[in-house]
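K.L.:
Before we start, here is the structure in question, set down as structure tokens.
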């Protein structure tokens, strides 16, 4: 138990000693927290608002522990979500093309190589715990809910309304910025059969209920 506590303290101390222009310091300066859900235009939003600072996909629990409850609650928390059908197809295509780093590439080789197309991946791959636990395939709500499964965002933008919702965030933060469209996956047209849509909806039911109840 003591070892776990020490490991956590060392982990957070490592971040606290980072240079002042880290994303964690920038969030405090801007009085906000951006929750980057994979495959929801997060790189475009992050670079447009905060500059060329790489960070990743952190949880509510991480930020609460790092900043403390009071500071966490005081920050303007926002994220962007995406149609779950299209997000899943985008994530699959992105990883099949090699992803963005060596970890993505190794994951793709280990777990996606056997599926010849998206439909086969849905029919067989979504049953595998290793796939559903990979960051790109985790349901969107898991990135923005607290320990009680409550969404803690002040604003949830949508990729389908990206420019308008991005401007809403800029206005709230009093930031003048043009949205840069970065890291766009190659667009491959895909029509989802009713069977495929049903499987996806069952796996990502909470995302549909919370963000896209009309789909």
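Numbering (the working numbering), first residue to last: 39 to 253. Ideal Cβ placement from N, Cα and C applies to all residues, glycine included.
1. Tell whether a beta-carbon distance below 8 Å holds between residue 77 and residue 148.
2. What is the rounded straight-line gap between the Cα of residue 164 and the Cα of residue 156?
3. In this structure, how does DSSP classify residue 44 when only helix, strand and coil are distinguished?
4. Just grab the DSSP bridge partners of residue 114 for me.
5. I'd like to check one pair, residue 211 with residue 68: are the Cβ atoms closer than 8 Å?
6. Cβ of residue 110 within 8 Å of Cβ of residue 101?
7. Could you give the distance in angstroms between the alpha-carbon of residue 192 and the alpha-carbon of residue 123?
8. Can you list, in chain order, the residues of its chain with a C-beta nearer than 8 Å to that of residue 245? Leave out the 5 residues immediately preceding and following it.
9. Quick one, are the C-beta atoms of residue 145 and residue 133 less than 8 Å apart?
10. Along the alpha helix (DSSP H) that carries residue 213, what are the first and last residues, could you check?
P.N.:
For this structure:
1. Residue numbering aside, residue 77 sits at position 39 when the chain shown is read from its first letter. Residue numbering aside, residue 148 sits at position 110 when the chain shown is read from its first letter. No, the Cβ-Cβ distance between residue 77 and residue 148 is not below 8 Å.
2. Walking along the chain shown from the start, residue 164 turns up at place 126. Walking along the chain shown from the start, residue 156 turns up at place 118. Going by the C-alpha atoms only, they are around 11 Å apart.
3. Position 6 of the chain shown holds residue 44. A caution first: residue 44 carries a pLDDT of 44, below 50, which makes its placement in the model too unreliable to give a value.
4. One-based indexing of the chain shown puts residue 114 at position 76. Looking at the DSSP assignment, residue 114 forms a beta bridge with 70.
5. If you number the chain shown from 1, residue 68 lands on position 30. If you number the chain shown from 1, residue 211 lands on position 173. Yes, they are a contact pair.
6. Position 72 of the chain shown, counting from 1, holds the residue named residue 110. Position 63 of the chain shown, counting from 1, holds the residue named residue 101. Against a cut-off of 8 Å, the Cβ pair of residue 101 and residue 110 comes out as a contact.
7. If you number the chain shown from 1, residue 192 lands on position 154. If you number the chain shown from 1, residue 123 lands on position 85. Answer to the nearest angstrom: the Cα atoms are 24 Å apart.
8. Start at 1 with the first residue of the chain shown, and residue 245 comes out as number 207. Excluding positions up to five away in sequence, the list reads 119, 122, 177, 178, 179.
9. What you label residue 145 is simply residue 107 of the chain shown in a count that begins at 1. What you label residue 133 is simply residue 95 of the chain shown in a count that begins at 1. Yes; because the gap between Cβ atoms is below 8 Å, this pair is in contact.
10. To locate residue 213, count along the chain shown from 1; it is residue 175. Looking at the DSSP string, residue 213 is not in any alpha helix (DSSP H), and its letter there is neither H nor E.
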